Structure formats: structure tokens, C-alpha cells
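Heads up, the thing below is written out as C-alpha cells.
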Amino acid sequence: MDDKKALDILVGLNIKRERTKAGYTQEEFSELIGIGAKSLSAIERGTVGVSLLTLSKICSVLNISSNSLLVEDTQKNDVQSIAQRLERLTPEQFEIVDAIIINTLKAFSLK
Numbered sequence: 674m675d676d677k678k679a680l681d682i683l684v685g686l687n688i689k690r691e692r693t694k695a696g697y698t699q700e701e702f703s704e705l706i707g708i709g710a711k712s713l714s715a716i717e718r719g720t721v722g723v724s725l726l727t728l729s730k731i732c733s734v735l736n737i738s739s740n741s742l743l744v745e746d747t748q749k750n751d752v753q754s755i756a757q758r759l760e761r762l763t764p765e766q767f768e769i770v771d772a773i774i775i776n777t778l779k780a781f782s783l784k
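Per this note's numbering, residue 674 is the first one in the sequence shown, and the count goes up by one each step.
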């Protein structure tokens with residue numbers, strides 16, 4: 674397999690992973706980034722490459738860096754993604770989530 678095809682497949686899989694994590698269907702997401710659902714499907718399968726303009730829109734809508742799409746998934750905890758979601762909460766919502774996280778971490782430390 675040539676390098677371009679391998680990169681198209683990697684980027685497509687990473688886009689699909691991030692879109693799914695964000696809770697968007699292909700139809701919803703394709704509308705947000707201004708392309709057709711069939712085009713998004715082809716990008717996610719790696720059958721076509723993604724343009725820089727579309728890549729930029731994808732990163733903007735998902736609030737992620739292009740690096741997270743261009744490199745292999747290292748299977749680390751996605752702390753940055755969680756932090757980005759927390760930033761969007763109201764102060765009241767953040768307070769609730771903060772309490773849940775603290776209590777969950779306390780429960781994990783009990784043995």
C-alpha cells in the first residue's frame with residue numbers, strides 16, 4: 674500500500690473516531706463542515722483524501738488539533754478532549770461535574 678493511501682485511511686479512521694466521540698452522526702457532521710454525507714463517508718473510509726480546508730473545518734467543529742487526526746492513535750487517555758468539553762459548561766454545570774469527578778476518583782482510591 675502506498676504512503677498516500679495509508680495516510681488517507683489513518684486520517685479517515687481518526688476523523689470517524691473523533692466525530693463519534695463528539696456524538697455526531699455522519700449527516701449532522703457533514704452539514705456542520707459543509708460537505709455531503711457521501712463525501713464524509715468516503716473520507717472516513719480513506720477512499721479519498723481530505724482537503725486542507727475541510728480538515729480545518731473538521732478541527733474547528735470538533736475543537737481538536739490537526740495532529741490528533743494526522744498521527745496514529747496512541748491509546749492514551751484523551752484528557753485534552755475532556756478538558757475542551759468541560760470548558761463549554763456553565764459554571765453551575767462545571768461545579769456538578771467537578772464534584773462527580775472528585776467523588777469518582779475517591780471511590781477508585783478505596784480498596
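We put the beta carbon where it would ideally sit given N, CA and C, even for glycine. If you're wondering where the values come from, they're calculated on a predicted model, not measured in any experiment.
- Message: Once the 5 residues before and after Gly709 are set aside, which same chain residues still bring their CB inside 8 angstroms of it?
- Response: Ser703
- Query: By DSSP, does Gly685 sit in helix, in strand, or in coil?
  - Reply: helix
- Query: Distance, Cα to Cα, Phe767 vs Arg761?
  - Reply: 9 angstroms
- Message: Nearest by alpha-carbon distance to Gly719: which of Ser733, Lys677, Val770 is it?
- Response: Lys677
- Message: Would you call the segment 711-728 in contact with the segment 772-780, where contact means no fewer than 3 C-beta pairs closer than 8 angstroms?
- Response: no
- Item | Where the alpha helix (DSSP H) through Asp771 begins and ends | 764-782
- Flag this pair as yes or no: are the beta carbons of Ile629 and Thr693 separated by less than 8 angstroms? The displayed coordinates of the chain run from 674 to 784. Any statement about residue 629 would go beyond what the structure contains.
- Item | Beta-carbon separation (whole angstroms), Leu759 vs Val744, contact threshold 8 angstroms | With a Cβ gap of about 24 angstroms, Leu759 and Val744 do not count as contacting.
- Task: Mind checking which residues open and close the alpha helix (DSSP H) that includes Arg718?
- Result: 710-718
- Once you ignore the five residues that flank Cys732 on each side, which residues in its own chain have a CB closer than 6 angstroms to its CB? Ser739
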